[in-house]
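Below is one structure; the comments refer to it alone.
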Amino acid sequence: MPSLLYSTNLQSPDVDLKGALLQGQAPDKGLYMPREIPRILLDEIIGFRDKSYPEIAFAVLRRYTQGLIPDEELMRLCTECYNYIVPIERVYGRSFLMRLDQGPTASFKDFAARMMARMMRYFLAQEGGELVILTATSGDTGSAVAHAFHNVDRISMVVLFPIKEVSDRQRKQMTTLGGNVTVIGVDGQFDDCQALVKRAFTDPELGRIRFSSANSINIGRLLPQAVYYLYAWAKLQENDEAAVISVPSGNFGDICGGLIARRMGLPVDRFVIATNANDEFPKFVATGKYEKVVPSRVCISNAMNVGHPSNLPRFVALYGGVMDEQGKVSKQPDFAAMRRDIYAVSIDDAGTRQAIKEAWQKYKTMLEPHGAVGWAGLVRYLESLNTRPLDPSPLAISIETAHPAKFPEEIQRLLGVDPPLPPSLAGLDAKPEHYEKGPNDYGWFSDFLKRKFPRG
Ligand SMILES: *Cc1c(COP(=O)(O)O)cnc(C)c1O
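Going by our numbering, the sequence shown opens with residue 4, and the numbers climb by one from there.
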């Protein structure tokens, strides 16, 4: 029997993973979550020490795909998705950095987007259907998702981006793909792009086209993010010691993956949740009152400039509460448990820049702005422990979510060196670009979609 997922708004029927993946959001605007989180016994997790990343991904994800995707097929998907390395570096003592930046777009979003795309392909092949993925992006999500769906059968992808607000490198990561990926530079802002996409989703005139979205509210973007926490711990642990894990957070998809890994059995002593100056979550944990930051604050860790994290209802659900998509709490989560498990901290741009400099000067570790927020959060937490000099420090793992070469100007300014380009970004500048330019006008956009997908 396939396991079931419920909506965090509690007003929609349960669905299986296939339904949740192809729908994205639940009809009641809630987010899908597993009814039961399967347990993995500690011995099996310890045994991950001797397994490859694709093997660990298979062992974790098969708990959710039973009865829907045959094991041999799932193993093939894991091998196809995770064909790059996942480095873990010692920074000093027992503190480590896991770099999730070796995928095709040099961002941790590759881990989940690639698996989601392939699971969708598998389910569509069973039905004989086709799907058009519509996404608005301010930068990183668009490139990770476009790469993930590039050349995936049965799926076409349309990405809208604000033409004046995306860096050259970010744009080229999307516009050099071609094939089934159509990219439109809109003469407007990110919010305009998002409004065009939302209207297309509900436009009856486009009703014959089957649309889906690929943003982080899709459960397919979440479950694969539980895997790397289990991987890191298994590779580093001695004596089954629970770890401290620090996660730089924006929309809270990454940390929800971590919390799911913990519920599956991963020994975690504490999650450090580090936000930038958008501090709505640290305040929520401290005071028990939730207030969005409107408008969101602009920081150098731009993928985390989020004043109302879209995955927060999932986080609240994991602590027994109910929060709707607007952020209204109708049932309080267990704050005492949350405060025991979590250290939430906000790091501003000055603290972020200082962390980049210190990690380089003290340890020759190169961070970029997002990973630096996580690292600074971990340093704060370890300092707060007030251990005596001879006490052993805990096993600590901080997550680096992007490659420093995605932020060359900031790194050059702070450290005086150019970050080396990873293979995924090398050669990008010379590739030809293909993209449409469009006005911020819904009539133009819907005509474009009708011409592009005449048969639906
Ligand atoms: C998206 C993103 C984040 C934030 O991840 P969430 O899952 O939204 O919390 C952090 N760092 C980078 C580089 C990102 O692209």
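All C-beta atoms in this analysis are idealised placements derived from N, C-alpha and C, irrespective of residue type, glycine included.
Is residue i near ligand 2, in the sense that its beta carbon is under 6 Å from a heavy atom of that ligand?
i: Ser110; result: Inclusion of ligand 2 in the displayed structure is not the case, the ligand content consisting of ligand 1 alone.
Please tell me whether, using a cut-off of 6 Å, the distance from the CB of residue i to the nearest non-hydrogen atom of ligand 1 is below it.
i: Asp327; result: no
i: His427; result: Going by the sequence as given, residue 427 is Ser instead of His. Flag unset: Cβ of Ser427 not near ligand 1.
i: Met122; result: no
i: Ala2; result: Examination of residue 2 is not possible in this model, given that the chain is present from 4 through 459 alone.
i: Gly268; result: no
i: Asn254; result: yes
i: Thr178; result: no
i: Asp19; result: no
i: Thr355; result: no
i: Thr278; result: no
i: Pro251; result: yes
i: Asp104; result: no
i: Asp257; result: yes
What span of residues does the beta strand (DSSP E) with residue i cover, start to end?
i: Gly121; result: It is Arg, not Gly, that sits at residue 121 in the sequence shown. Run containing Arg121: none in the beta strand (DSSP E); it sits in the alpha helix (DSSP H), Lys112 to Glu130.
i: Val250; result: Ala246 to Pro251
i: Tyr346; result: Ile345 to Ser349
i: Tyr95; result: Ile91 to Tyr95
i: Ser333; result: Val332 to Lys334
i: Tyr234; result: Taken as a continuous stretch (DSSP letters only), Tyr234 belongs to no beta strand (DSSP E), being part of the alpha helix (DSSP H) at Val230 to Leu239.
i: Tyr35; result: Tyr35 to Pro37
Contact check, residue i vs residue j under 8 Å by CB: the rounded distance?
i: Lys455; j: Thr185; result: 7 Å
i: Thr368; j: Val94; result: 5 Å
i: Ser5; j: Asp19; result: In the sequence on display, residue 5 carries Pro and not Ser. Right, their Cβ atoms sit about 4 Å apart.
i: Tyr35; j: Leu8; result: 4 Å
i: Arg273; j: Asp344; result: 7 Å
i: Leu356; j: Leu417; result: Residue identity check: residue 356 is Arg in the sequence provided, not Leu. Sure, about 6 Å apart at Cβ, within 8 Å.
i: Gly310; j: Glu283; result: 6 Å
Nearest to residue i by CA position, among the options, is which residue?
i: Ala203; options: Arg224, Gly223 and Ile136; result: Ile136
i: Arg500; options: Ile158, Ala149, Arg157 and His153; result: Nothing about residue 500 can be read from this structure; the chain reaches only from 4 to 459.
i: Arg79; options: Glu92, Gly96 and Ile59; result: Ile59
i: Cys302; options: Asn279, Val288 and Gly324; result: Asn279
i: Thr108; options: Leu13, Gly142 and Pro312; result: Gly142
i: Phe99; options: Ile91, Gly106 and Gly70; result: Ile91
i: Gln105; options: Asp450, Asn86 and Arg65; result: Asn86
i: Ile248; options: Leu315, Arg383, Arg157 and Tyr293; result: Arg383
i: Leu269; options: Val325, Ala237, Pro423 and Lys331; result: Ala237
i: Gly290; options: Gln335, Glu244 and Ser216; result: The sequence shown places Thr at residue 290, not Gly. Per the Cα distances, Gln335.
i: Leu226; options: Val200, Asp194, Leu262 and Asp421; result: Leu262
i: Ser304; options: Pro316, Pro251 and Val332; result: Pro251
Against chain D, with Cβ distances strictly below 7 Å, would residue i count as a contact?
i: Asp17; result: Of the protein chains in this structure there is only one, and it is not chain D.
By the DSSP assignment, the alpha helix (DSSP H) with residue i in it spans what residues?
i: Ile59; result: Tyr56 to Thr68
i: Ser216; result: Taken as a continuous stretch (DSSP letters only), Ser216 belongs to no alpha helix (DSSP H), as it is neither H nor E.
i: Phe204; result: Phe193 to Phe204
i: Arg79; result: Asp74 to Cys84
i: Asp450; result: Tyr445 to Lys455
Per DSSP, residue i forms a beta bridge with which residues?
i: Val271; result: Ala246
i: Ala358; result: Per DSSP, none; premise fails for Ala358.
i: Val162; result: Thr138 and Val186
i: Phe255; result: Paired residue(s): none; Phe255 is not in a bridge.
i: Pro442; result: Asp190
i: Glu403; result: Arg102
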